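Enquirer: Take this structure first; my questions come after.
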Amino acid sequence: MSERDEQVGYDVHATEAKWLPVWDELDPFRADDASPKEKRYPLTMFPYPSGDLHMGHAEVMALHDVIARYWWLRGYEVMNPMGWDSFGLPAENAAIRNDAHPAEYTYANIETQYHSFKKYGIAFDWSRRLHTSDPEYYRWTQWLFLKFRERGLAYRKNSPVNWCPNDQTVLANEQVVDGKCERCGAEVTKRELTQWYFKITEYAQELLDDLDVLAPTWPDRVVTAQRNWIGRSEGAHLDFRIAGRDEPLTVFTTRPDTIFGTTFMVVAVDSAAAEELVTDGQRAAFEAYREEIRAASDIERLATDRPKTGVDLGITATNPVTGDEIPVWATDYVLADYGTGIVMGVPGGDQRDWEFATKFELPIIRTTEPPADWDGEAYNGEGAAINSPATGTASGLDINGMPVAEAKSATIAFLEQSGTGRGTVNFRLRDWLLSRQRYWGVPIPIIHCDTCGEVPVPYDQLPLELPELKGADLKPKGVSPLAAATDWVNVDCPSCGGPATRDSDTMDTFVDSSWYFLRYCSPNDDTQAFDSALVNAWMPCDIYVGGVEHAVLHLLYARFFTKVLADMGLLDFREPFAAQLNQGFVINRGKKMSKSLGNGVSLGDQLAEFGVDAVRLTLVFAGPPEDDIDWAEMSPGGSLRFLQRAWRLSGDVTSTAGTPFVAEGGDVALRKQTARTLTDAAELVESYRFNVMIARVMELVNATRKTIDSGAGPTDPAVREAAEVVAMLLSLVAPYTAEEMWERLGHQPGVARSSWPEVDPALLVEDTVTAVVQVQGKVRGRLEVSPDISEADLEAAALADEAVQRAIDGAEVRKVIVRAPKLVNIVL
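The UniProt record's numbering puts the first residue of the sequence shown at 1, with every later residue one more than the last.
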């Protein structure tokens with residue numbers, strides 16, 4: 001039979017139809033909690049069920065599967081679960097459009113994705129499947145909320161919040177991207193609302209410190225993003241007195257040494273402090289200004305190129321060091337929920353303050369000597385302190401000439417001694433706003449009673465399930481649709497029995513995904529959120545694979561949950577994910593796939609044309625996992641042709657399965673390449689260089705074909721060994737082809753649970769290595785030499801080589817650099 005006929009005989013779709021029911025029966029990837037084997041827990045970020053799988057899903061699942069299958073082959077007990085993050089706005093919005101219940105949309109899409117996952121051949125343990133919208137799951141989300149509340153980590157307060165006018169719900173700071181809702185893209189505004197928060201700031205320092213532990217195994221950009229978001233800064237709180245007011249205005253600054261240059265104060269215009277401080281004479285101007293900036297997002301307000309605006313509140317404050325009376329203004333470039341919402345204006349050391357002072361003709365005093373060639377405006381770098389004490393000041397603090405660090409310390413000591421300030425640490429991180437004014441989410445298990453206040457739903461009454469709403473009843477109205485479900489909202493107070501109302505908000509879906517990886521360890525346990533013994537046996541997850549877009553939101557929240565649960569005594573680890581791998585995006589023709597651009601690629605169409613294995617192979621072989629993949633530049637057809645060549649090898653082996661692999665019994669060169677391929681493959685998979693691993697397999701396929709075509713008999717044990725190694729390694733990326741090869745090689749299914757072969761160390765010993773000889777940086781010769789050759793002998797051999805002599809052409813050799821046994825560099 002010709003190679004073309006053989007390739008035609010390899011029907012990818014028939015192969016898929018053949019092996020799917022076999023795998024269903026074998027259930028090869030069901031994890032055994034009681035197994036004595038060493039455990040491995042690979043985790044991939046679970047999807048939202050908004051339609052069928054797409055190319056992005058295909059990429060991340062293919063990459064993730066390489067690791068899970070590799071660990072099975074290496075003899076570990078592997079738990080590789082999958083579920084769905086199934087609460088959220090897309091289902092609710094679809095239900096409103098179709099006059100349906102969100103559950104109809106959600107669970108229909110889950111079933112579609114489930115069958116697509118099965119066809120795609122991912123090594124999931126489906127016995128651990130979960131959906132966050134199941135009452136059996138969200139019962140425990142509510143339980144955790146109440147436990148957090150008991151520890152003082154869940155609380156309710158009134159404050160300005162991010163508001164999406166399109167989705168009619170509040171957003172956490174992390175869910176506002178460039179001033180827009182990260183879900184729908186609408187411009188975010190501000191509203192004053194009473195909302196529920198998780199006190200994530202309680203763990204800010206530990207969340208920051210533990211990034212040092214994660215840095216070696218997490219992507220640099222994720223670690224950096226979290227460091228920046230947490231934003232630790234050291235400085236001082238300073239108290240500025242206001243005549244007629246008992247409480248001082250307290251500000252936080254990282255540069256207390258610049259106090260001598262403080263010529264005004266600015267208060268967030270939307271803060272309670274501004275409302276309280278404004279004088280009657282300035283109130284009208286203040287309220288007009290506040291209304292003007294109400295629609296601006298935090299991102300817009302903090303933009304460096306935004307023109308500075310403000311209004312004088314009509315009062316002055318006393319500088320705690322100089323004693324000067326300075327004006328107090330309200331402005332939009334200070335945020336109410338950052339620090340104290342009040343900032344001391346130091347125009348000489350802060351560019352925003354410089355621009356503000358310049359516009360409103362306020363004094364500018366430098367407090368740090370800029371470099372001699374400084375031609376900018378505000379300067380906040382290193383330099384000697386100047387202009388202290390200020391003219392006419394007799395504070396007893398003189399820091400002139402001190403470097404910044406020394407000046408800061410001296411100023412803090414003075415403030416603490418005089419009782420006008422204290423050294424402190426501040427964080428950019430804000431508490432996590434978790435209330436949402438939408439229906440399709442976890443009901444907050446709190447009852448509001450005029451007599452008893454906030455009353456938790458009793459634990460034995462959990463889960464507090466959602467009422468049945470659909471269609472028009474789901475439409476957002478500025479408050480949660482649940483507020484109008486009177487039969488559900490109006491209840492008796494569990495404490496006093498009087499009339500009360502349920503909290504009508506639902507929880508942010510990021511709450512659901514902050515602990516799902518724990519539930520996988522005991523997904524059917526109806527007595528507890530998770531079995532701590534099993535979680536501690538399997539976790540922390542050995543690898544977490546997913547998109548870098550979750551660098552702050554989900555990953556930060558999951559870390560926070562893990563630390564709280566550890567403090568509750570439920571976990572014996574404090575970080576959930578030991579290592580992390582980010583995948584890039586699948587784009588097309590240089591741009592993100594979009595219907596409007598007409599460059600969308602249907603995963604279903606690609607699978608129908610080329611088959612599962614070719615698509616998976618293409619995605620994994622495209623480059624390093626973190627790189628973007630431009631599908632227009634990919635060749636799934638080429639991947640399919642390679643798989644056909646590999647499949648053909650298994651038909652050319654006629655020796656019996658189990659034939660001993662002995663060097664004297666077959667082609668030694670092929671055996672050596674097989675051993676090197678196995679050894680390299682292990683190192684490459686463990687370093688996430690999956691594309692290079694596939695390249696090594698391709699080289700082995702070519703070498704095996706060459707050995708067969710050169711006259712080696714199909715009974716040669718070296719040929720069988722190479723073909724079996726090809727099948728095992730291909731099972732990491734092309735499971736259908738690998739399983740078919742494995743059967744043709746005489747084995748029972750399945751190849752994914754076979755064992756990684758032992759490599760004979762003798763086969764890894766190189767008889768010769770290739771030494772490259774460069775002349776003036778250009779390769780001019782290659783020498784086959786002993787791996788043990790000395791530097792002197794290698795230099796002599798290089799200089800004696802005819803091609804090298806021609807390149808030297810009589811010129812004077814100035815230097816010879818030798819790196820035995822692989823490199824000689826000759827400088828003329």
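Just so you know, even glycine gets a beta-carbon here, dropped at the ideal spot from N, CA and C.
Only a predicted model underlies this, so the values are computations on that prediction, with no experimental measurement involved.
Any idea which residues DSSP pairs residue 159 with across the strands?
Expert: DSSP lists 193 as partners of residue 159.
Enquirer: Taking the alpha-carbon positions, what's the residue 759 to residue 45 distance?
Expert: If you take the alpha carbons of residue 759 and residue 45, they lie about 35 angstroms apart.
Enquirer: Is there contact between the stretch 237 to 244 and the stretch 186 to 199, where contact requires at least three CB pairs shorter than 8 angstroms?
Expert: Result no; under three Cβ-Cβ pairs closer than 8 angstroms.
Enquirer: Can you look up residue 530 in the DSSP assignment and give me helix, strand or coil?
Expert: It is coil, neither helix nor strand.
Enquirer: By the DSSP assignment, the alpha helix (DSSP H) with residue 718 in it spans what residues?
Expert: From DSSP, the alpha helix (DSSP H) with residue 718 extends over 717 to 730.
Enquirer: Strictly by DSSP, which residues pair up with residue 422?
Expert: For residue 422, which the question treats as bridged, DSSP gives the partners 237.
Enquirer: Can you tell me whether residue 168 is buried or exposed, with buried defined as 16 or more other CB within 10 angstroms of its CB?
Expert: Its Cβ being crowded by 16 or more others within 10 Å, residue 168 is buried.
Enquirer: Between residue 142 and residue 442, which are expected to be in contact by the criterion C-beta below 8 angstroms, what is the C-beta distance as a whole number of angstroms?
Expert: Indeed they touch by this definition, with Cβ atoms about 6 angstroms apart.
Enquirer: On the premise that residue 267 lies in contact with residue 341, defined as a C-beta separation below 8 angstroms, what is that separation, rounded to the nearest angstrom?
Expert: At roughly 7 angstroms, the Cβ-Cβ gap stays under 8 angstroms, so residue 341 and residue 267 are in contact.
Enquirer: Give the DSSP-derived three-state secondary structure of residue 828 in the structure shown.
Expert: The answer is coil: DSSP assigns residue 828 none of H, G, I, E or B.
Enquirer: Tell me the DSSP bridge mates of residue 268?
Expert: Beta-bridge pairing links residue 268 to 331.
Enquirer: Counting pairs of Cβ atoms below 8 angstroms between the stretch 449 to 464 and the stretch 102 to 121, do you hit three or more?
Expert: Result no; under three Cβ-Cβ pairs closer than 8 angstroms.
Enquirer: Let me make sure I understand the geometry here. Which of 625, 124, 762, 818 has the alpha-carbon closest to that of residue 775?
Expert: The option with the nearest alpha carbon to residue 775 is 818.
Enquirer: Roughly how many angstroms lie between the CA atoms of residue 47 and residue 642, to the nearest whole one?
Expert: So the two alpha carbons sit approximately 31 angstroms from each other.
Enquirer: Can you name, in chain order, every residue of its own chain whose Cβ lies under 7 angstroms from the Cβ of residue 116, other than the five neighbours on each side?
Expert: Within the same chain, residue 116 has close Cβ partners 52, 53.
Enquirer: First and last residue of the alpha helix (DSSP H) that includes residue 697?
Expert: Here the alpha helix (DSSP H) through residue 697 covers 690 to 709.
Enquirer: Could you tell me which of 608, 548, 587, 592 sits nearest to residue 581, measuring between CA atoms?
Expert: Closest option to residue 581, Cα to Cα, is 548.
Enquirer: Whole-angstrom Cβ separation of residue 763 and residue 672, contact assumed at under 8 angstroms?
Expert: Yes, they are in contact, since the Cβ atoms of residue 763 and residue 672 sit about 5 angstroms apart, within 8 angstroms.
Enquirer: Which of the three DSSP states, helix, strand or coil, is assigned to residue 87?
Expert: Three-state DSSP puts residue 87 in coil, outside helix and strand.
Enquirer: Output yes or no for whether 8 angstroms exceeds the beta carbon distance between residue 522 and residue 505.
Expert: No, the pair does not count as a contact, with Cβ atoms beyond the cut-off.
Enquirer: Would residue 81 and residue 544 be called neighbours here (beta carbons separated by less than 8 angstroms)?
Expert: The answer is no: Cβ separation not under 8 angstroms.
Enquirer: Take every Cβ of the stretch 209 to 217, pair it with every Cβ of the stretch 464 to 474, and state whether three or more of those distances are shorter than 8 angstroms.
Expert: They do not touch, by the three-pair rule.
Enquirer: Determine the burial state of residue 697: buried for a count of at least 16 other Cβ atoms within 10 Å of its Cβ, exposed for fewer.
Expert: Classification for residue 697: buried.
Enquirer: Do residue 85 and residue 132 have their C-beta atoms within less than 8 angstroms of each other?
Expert: Contact flag set, yes.
Enquirer: Quick check: the Cα distance between residue 625 and residue 690, rounded to an integer number of angstroms?
Expert: Approximately 8 angstroms, taken between the alpha carbons.
Enquirer: Which residues mark the beginning and the end of the beta strand (DSSP E) in which residue 544 is found?
Expert: 543 to 547 is the extent of the beta strand (DSSP E) around residue 544.
Enquirer: Which same chain residues end up closer than 8 angstroms to residue 5 when comparing Cβ atoms and leaving out the 5 residues on each side of it in sequence?
Expert: Caution is warranted here: a pLDDT of 40 is assigned to residue 5, below 50, making its placement in the model unreliable, and no coordinate value can be reported.
Enquirer: Given a threshold of 16 other Cβ atoms within 10 Å of its Cβ, counted over all protein chains shown, does residue 654 qualify as buried or as exposed?
Expert: So residue 654 ends up on the exposed side.
Enquirer: To which residues of the same chain is residue 677 closer than 6 angstroms at the C-beta, ignoring the five residues directly before and after it?
Expert: Closer than 6 angstroms at Cβ, skipping near neighbours: 696, 700.
Enquirer: For residue 756, does the three-state DSSP call read helix, strand or coil?
Expert: Coil.
Enquirer: Tell me whether residue 130 sits in a helix, a strand or coil according to DSSP, three-state version.
Expert: DSSP places residue 130 in coil when its eight states are reduced to three.
Enquirer: Quick one: is residue 731 buried, meaning 16 or more other Cβ sit within 10 Å of its Cβ, or exposed?
Expert: Buried is the call here.
Enquirer: Looking at the unbroken beta strand (DSSP E) that takes in residue 818, where does it start and where does it end?
Expert: Unbroken beta strand (DSSP E) run through residue 818: 815 to 819.
Enquirer: What does the alpha-carbon distance come out to for the pair residue 1 and residue 78?
Expert: With a pLDDT of 36 at residue 1, under the threshold of 50, the modelled position of this residue cannot be trusted; read the value that follows with caution. About 41 angstroms.
Enquirer: Could you tell me the alpha carbon to alpha carbon distance between residue 465 and residue 529, rounded to whole angstroms?
Expert: The alpha-carbon atoms of residue 465 and residue 529 are separated by roughly 17 angstroms.
Enquirer: How long is the line joining the alpha carbons of residue 70 and residue 751, rounded to whole angstroms?
Expert: So the alpha carbons of these two residues sit roughly 11 angstroms apart.
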